[in-house]
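As you go down the protein sequences, you meet chains C and U in turn. Quick note: the first sequence, position 16, residue 16 per my numbering, numbers continuous. Quick note: the second sequence, position 179, residue 179 per my numbering, numbers continuous. Beneath this line is the structure, given in C-alpha cells, with notes to follow.
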Amino acid sequence: MKLTIKLYCIFICAFILRSQCAGGQEDRLFYDAVRTEAAGDLDQAINLYLEASTLSHSANLHGNLANLYFKKEQYGHSILHFRKALLLNPRDTELSANLNFAYEMAKMPPPMQSFASNYFSANFLSFWIIICAIIFWTGLLILFYIFFFKTSKKTFLYFTICWVISCLLSCFAACLSLQQQSELYREVIVHFPQTENNHSKTIPLRRFAGESNSANTNILPGESLIIRLGNDGVSKSHQIANGKTWYLANSADGKKKGWIREDEFGWIIDPNS
Amino acid sequence: MKNTFFSHFKLPMVRLIITFLVLSHFPCFICHSQGQNLRVESSFQPPSITLSNNSVYKVIIHGSQENPQGSLPQVPGLIISNSPQTFRSASFRNGVPSVRLEISFQVKPKKMGKHTIPSWPVKIGSNTLQVPSSTIEVLAPNQQDKIRQNAEEKQKSELKEACFIEFTKPRSFLFEGETVSGSINLYIWDRLPVSRIERAPQKDGDAFSLTELGQPQEKRNQSKYNKSYTVFSWPIGLTAAIAGKHSITFNTSIRVRVKSRGNSPFASPFHNDPFFGFGREESLKVTSELQNITVKSLPVINRPKSFNGAIGSLSTRSTVDNDRVSLGDPVRFFFDIEGQGNFSAMPAPIFESNSDFKIGPPAFSFAGNELTKHQGKQRFEYILTPLNPGLLKIPVIHFSYFDPIQEKYFTLNSSEHPLRVDPGETWIDTTRGELEVEERSNSIPTADLFQTENEPGKWVHEIQKTILLNSSIFWAAQGIPFICVCGLIFYGRKRKRTGKDIFRQKQTSLKKQMKEAIEYKDSTLFYRATRERIRLEIGSFYKYGNPSSLSNNEISSLLKNGNNEESLISQIQEILHISDSHEFAENEEFSQSLDDQLKKINGLLKKIR
Chain C
1 MKLTIKLYCI
11 FICAFILRSQ
21 CAGGQEDRLF
31 YDAVRTEAAG
41 DLDQAINLYL
51 EASTLSHSAN
61 LHGNLANLYF
71 KKEQYGHSIL
81 HFRKALLLNP
91 RDTELSANLN
101 FAYEMAKMPP
111 PMQSFASNYF
121 SANFLSFWII
131 ICAIIFWTGL
141 LILFYIFFFK
151 TSKKTFLYFT
161 ICWVISCLLS
171 CFAACLSLQQ
181 QSELYREVIV
191 HFPQTENNHS
201 KTIPLRRFAG
211 ESNSANTNIL
221 PGESLIIRLG
231 NDGVSKSHQI
241 ANGKTWYLAN
251 SADGKKKGWI
261 REDEFGWIID
271 PNS
Chain U
1 MKNTFFSHFK
11 LPMVRLIITF
21 LVLSHFPCFI
31 CHSQGQNLRV
41 ESSFQPPSIT
51 LSNNSVYKVI
61 IHGSQENPQG
71 SLPQVPGLII
81 SNSPQTFRSA
91 SFRNGVPSVR
101 LEISFQVKPK
111 KMGKHTIPSW
121 PVKIGSNTLQ
131 VPSSTIEVLA
141 PNQQDKIRQN
151 AEEKQKSELK
161 EACFIEFTKP
171 RSFLFEGETV
181 SGSINLYIWD
191 RLPVSRIERA
201 PQKDGDAFSL
211 TELGQPQEKR
221 NQSKYNKSYT
231 VFSWPIGLTA
241 AIAGKHSITF
251 NTSIRVRVKS
261 RGNSPFASPF
271 HNDPFFGFGR
281 EESLKVTSEL
291 QNITVKSLPV
301 INRPKSFNGA
311 IGSLSTRSTV
321 DNDRVSLGDP
331 VRFFFDIEGQ
341 GNFSAMPAPI
351 FESNSDFKIG
361 PPAFSFAGNE
371 LTKHQGKQRF
381 EYILTPLNPG
391 LLKIPVIHFS
401 YFDPIQEKYF
411 TLNSSEHPLR
421 VDPGETWIDT
431 TRGELEVEER
441 SNSIPTADLF
451 QTENEPGKWV
461 HEIQKTILLN
471 SSIFWAAQGI
481 PFICVCGLIF
491 YGRKRKRTGK
501 DIFRQKQTSL
511 KKQMKEAIEY
521 KDSTLFYRAT
531 RERIRLEIGS
541 FYKYGNPSSL
551 SNNEISSLLK
561 NGNNEESLIS
571 QIQEILHISD
581 SHEFAENEEF
591 SQSLDDQLKK
601 INGLLKKIR
C-alpha cells in the first residue's frame, strides 16, 4: 500500500516537472529579458523579447518591448509594439497613454478616434456577427410562430418589416468590422531599419519598387500604412534583384502612396505567423 | 602704585571747592601767615578700629592754606580713599592769627594688625615738609560687626534674588556648528521699582553665536524663591562656533528708582525706600550665572561626501510643480528640509546641471520660528529647464546631515521624479480639442508611464483572434436555431392540418363573444354564443363531423352515449332550452345572472367525458 502511494506521488511530481519544463520557454526568455533590462543592457533585453515573441505573444511582452524601443528613441518600433500590445489587451489604459506619448515623441498626431473606428473596429467583429445571428434566428422563429399560431396578419406584416431592417443593419455593421479587420491584417507601421539610426530622417515611399527610384512622398517613422491588394486578393509586392521585397502601400487616409521596402515597416499582424 | 595728591583736584567738584576756599581766605590771612611757622601733623581717627569699621587719616598743615603737593604712599592692608576732604580754618590765638589746612582720607582696613603710613614729603609753596608717620591698629571684628556683615550679605543675596537672568543650557555639550533653541529669562521682583529695561541681554562668550533677539514675552506673577516675579523671555537660537571648553553668560541693565539721599540700591535696602516713585533713577547691571559648555568637533569617520554642515534631526521631501512640460519650459523643483536643526547655517544641497537639465541656483525660504531658526521647514526652490524631449528623470539630490542625539551621519535622497517633456507644438489641430480634454481627464500620471511588467501575462499564439466566421463551432451552433425553426414549421403545419387550430380559434372567439355580451348585458348574444359553444365543444369532443349542425336531441344522445351523468345532461339541456327560448321566443325572464351562467357553463363543459 505504501509503495503504491509513493509511486503515485513520484508520478505526480514527475508530471508537474515535465509540464513546467516543456511549456516555459517563452516564460524563461521573458524573465531573462526583464532581468537584463534591469541590469541596464537594453539591446540584449530587446533581443530576448523578440526571441520570445517568435514563440508566443502577450500584451506585457509587447508592452515591455515598446517601452525599451521608446527609451532607445526608436519611436517607430515603439508604436508598432504598443499597437500589438493593445490588440491583445485593448482595455489597458496605460498602454494607450504610452502609445499616445510615443506618437507625440514621434511628432505625429495619434490616429483619429471616430465613432465608426471605435464601434465597428476589428475588435467588434465577433460582436457584430453574433448580433447578426441572434437577430436573424430569433426573428425567424418569432415570424413563424406568428404565422402558424396567431391570426393577426397585421402583426405578421409589421414584424417582418422590422426583422428585415434589423438583419440588414446588423449585417452592415458586421461588414464594416470585417473591412476594418481586413485592413488591420494589411496594416503596417513604418520604422527605420534596425541597421540605421538616424532620427532626423523620414522614410520615402518610392514611385517604383527599388532603391534608386525617387520618392513619391515621405513619411515619418510610426505612421501606419495599408498594404494594397492585387487583383488576386493578395498583397501587392515585388521582389527585386537583391532579394528584397517591396510592397505597394498607402496611408490610412489614402493621401500618401508608394512602394516601401520590407525592412522599413513592421506588420501589426504578421501574415507569415 | 602711588596716589597722586593733585590727581584728586582733577575731579571738578573738589577742585571747585578748594579753589573757592583758597580764593576767599587767601587775601585776609596771607599777610599774617607769612610770619607763622609751618608745621605738619598726621593721625588716624580713631587710631584703633575693628576690621569691619572705617577710620580717617588726617593730615593737618599749620601755618599755611596753600595747596600742598605730594604723594600719599600706599600701605598694604589698607584701602585709602582717593577723594580726600579738605578743611581750611583760621583763628586768633593769643592775638596771633593762626591758619591751618586739614586733609582727610577715608581708610578701610583689609586685614587685622598694625598698619603704619610711613613719613612722606609734602611741598607747600617753596617749603618741603615731612608728614610724620602714623599707625593704626586693626582689631578682630566683634559680634556687632558680624551681625552687620551678615545683614549686608543677606541684603546682597536679596538683591541678587530681586533681579536675575536665567539661562539653562540644553545639554552638557554641543557639536561644532550645532544650533540649539533656548530662552533667556529675566526675572524682576514685583517690588523692585524698575522703570525700564535698558537693553536686551547680551552674550558674553565668543565661542557661540546668537540669533537676533526680538521683543520679549512678558509673563506676570511667576513664583520663585517664595517671591512673585515678572519674567521677560527672549527665545534664542544658540550656535556653537568653536570647538573646546567655553563659558557663556548673559547680562543686561535695567533702570531702577532709588531714594535721592541714597547713593545706590546696593548700599541701601531700596525695597524699604519710602520714596518709591519720587527718587532718582540708577542703572543696575544684571548678569546670569556662568555656564560652562563643551563644544565637540564633528566626527570625521563616516562623514558623507555630501555633508555640508547640516546638523539636527531632519527629514526631506521633494516635489515638482509639473510632471509634464514642453521642451524649454521651466519646471520648479522643491526640496524641503523639515525638523530641528541649524537652519540659519544650512547651505543648499548641491544640484548640478547635466545633459538633460539646466539647473539654476536655488531660492531659499524658511517657514517656522524666524527668530531662532531652529525648528521649521527650509525650502530650496530650483528652476530646472529640460534640454531634451522624452521621459526624463530629474536627478536625485543627496543630502547628508549629522544627528547630534544619535551622534551619526545620515544621508537622505530626493525622490526620482519622472518628467514628461513634450517636444513642443508644431501644429494645432482644432478638431482634437474635445479629444484632448477627454484624454486629460483620463490621463495617467507621468510617473505611471513606461513601467516594465514583471510577469508575461497570458500567452497567445496569434495576436489577432480567429474570425468568428471561420470558426466551425460558430457554424455548428447555427444548427440549433435552424432545428428550432424547422421544428416550429413542422409543428405549425401539422397543427393546421388536424384542425385543432380551427377549433381553438372558434372556441376562443365564442368565449370572447360571451364575455363581451356580459359586459354589454346583451343576453341574446350571450345565449347564442353559449349554444354555439356547447355544440362546438361537445361535437369536437365526440369527433362529430359538423358540430354546428347538431340539434339539442343529438347533443343529448351524444352525452348519453358518453355515459355522462343525468344531471349533467339535464342541465345542458336546460341551458340549450333557455338559449332557444331567448333566440326564438325572446323570453328574457331568467333569474340567474349572465356571470353565474358563464361559470356554470364552464363547469359543465369540463365535466363532459
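All C-beta atoms, glycine included, are put in the ideal place defined by N, C-alpha and C.
| query | result |
| --- | --- |
| Leaving out five residues before and five after PHE503/U in sequence, what residues of the same chain have Cβ atoms less than 6 Å from its Cβ? | SER540 |
| Looking at C-beta atoms only, is the number of pairs between the stretch 384–393 of chain U and the stretch 238–254 of chain U that lie closer than 8 Å three or more? | no |
| Please list, in chain order, the chain C residues whose beta carbon lies closer than 8 Å to that of VAL485/U. | TRP137, LEU140, LEU141, PHE144 |
| Taking only beta carbons into account, state which residues of the stretch 101–129 of chain C come closer than 7 Å to chain U, listed in chain order. | PHE101, GLU104, MET105, LYS107, PRO109, GLN113, LEU125, SER126, ILE129 |
| Compute the Euclidean distance between the alpha carbons of ILE184/U and LEU238/U, then round it to the nearest angstrom. | 11 Å |
| Is it the case that the Cβ atoms of LEU488/U and LEU141/C are separated by a distance below 8 Å? | yes |
| ARG83/C to ALA39/C, Cα distance in whole Å? | 26 Å |
| Taking the alpha carbon of ALA367/U as the reference point, which residue from SER548/U, GLY376/U, LEU101/U, PRO361/U has its own alpha carbon closest? | GLY376/U |
| Taking Cβ-Cβ distances below 7 Å as the criterion, which residues of the stretch 317–333 of chain U are in contact with chain C? | none |
| Given a threshold of 16 other Cβ atoms within 10 Å of its Cβ, counted over all protein chains shown, does ILE103/U qualify as buried or as exposed? | buried |
| By the 10 Å Cβ neighbour count, where 16 or more other Cβ atoms means buried, how is ILE79/C classified, buried or exposed? | buried |
| Is it true that the stretch 66–75 of chain C meets the stretch 174–189 of chain C, where meeting means three or more beta-carbon pairs spaced less than 8 Å apart? | no |
| According to DSSP, simplified to helix, strand and coil, what is THR155/C? | helix |
| Which same chain residues end up closer than 8 Å to LEU23/U when comparing Cβ atoms and leaving out the 5 residues on each side of it in sequence? | Confidence at LEU23/U is low in this model, with a pLDDT of 47, below 50, so the placement of that residue should be treated as unreliable; the coordinate-derived value is given next. Around LEU23/U: no qualifying Cβ. |
| Should PHE450/U be flagged as near chain C, meaning a C-beta pair shorter than 8 Å? | yes |
| Could you give the C-beta distance for SER96/C and LEU86/C, rounded to a whole number, given that I count them as a contact under 8 Å? | 7 Å |
| Answer yes if the stretch 165–176 of chain U comes into contact with the stretch 282–294 of chain U, meaning at least three C-beta pairs across the two stretches below 8 Å, and no otherwise. | yes |
| When you compare the CB of LYS496/U with every CB in chain C, is at least one pair closer than 8 Å? | yes |
| Using three-state DSSP, classify VAL180/U as helix, strand or coil. | strand |
| Identify whether LYS27/C lies in helix, strand or coil by the three-state DSSP scheme. | In the sequence under discussion, the amino acid at residue 27/C is Asp, which differs from the Lys named in the question. In this structure, ASP27/C counts as helix in the three-state DSSP scheme. |
| Tell me where the beta strand (DSSP E) around ALA363/U begins and ends. | 363–368 |
| Report all residues from its chain with a CB closer than 6 Å to the CB of LYS108/U; omit the five preceding and five following residues, and keep chain order. | ASN54, ILE79 |
| Can you give, in chain order, each stretch of the alpha helix (DSSP H) that sits fully within the stretch 508–546 of chain U and has at least 4 residues? | 523–541 |
| With distances taken between CB atoms, is the gap from LEU419/U to PRO235/U smaller than 8 Å? | no |
| So is GLU223/C in contact with chain U if we call contact Cβ pairs under 8 Å? | no |
| What does the alpha-carbon distance come out to for the pair ILE643/U and ASP336/U? | Within the shown structure, residues of chain U are numbered from 1 to 609, placing residue 643/U beyond reach of any answer. |
| Residues of chain C with a CB under 8 Å from the CB of HIS461/U: which are they? | SER56, HIS57 |
| What's the gap between the Cα of HIS271/U and the Cα of SER283/U? | Residue confidence for HIS271/U is low, a pLDDT of 48 falling below 50, so the modelled location carries little weight and cannot support an answer. |
| Which of the three DSSP states is assigned to ILE350/U in this structure? | coil |
| GLY254/C CB to nearest chain U CB: under 8 Å? | no |
| Give the straight-line distance between the Cα atoms of ALA179/U and THR385/U, rounded to the nearest whole angstrom. | Reading the sequence as shown, one finds Thr at residue 179/U and not Ala. The alpha-carbon atoms of THR179/U and THR385/U are separated by roughly 35 Å. |
| Looking only at DSSP bridge pairs, what is VAL295/U linked to? | LEU174/U, GLY244/U |
| Apart from the five residues on each side of it in sequence, which residues of its chain come closer than 7 Å, Cβ to Cβ, to PHE220/C? | Checking the displayed sequence, the identity of residue 220/C turns out to be Leu instead of Phe. If we look at LEU220/C and ignore the five residues flanking it on each side, its Cβ neighbours are ALA106, LYS107, MET108, THR202. |
| Using a Cβ cut-off of 7 Å, pull out every chain U residue sitting near ALA133/C, in sequence order please. | GLN478 |
| Would you report the Cα separation of LYS560/U and PRO547/U, rounded to the nearest angstrom? | 17 Å |
| Candidates LEU29/C, ILE5/C, LYS6/C, ILE10/C: which alpha carbon is nearest PRO456/U's? | LEU29/C |
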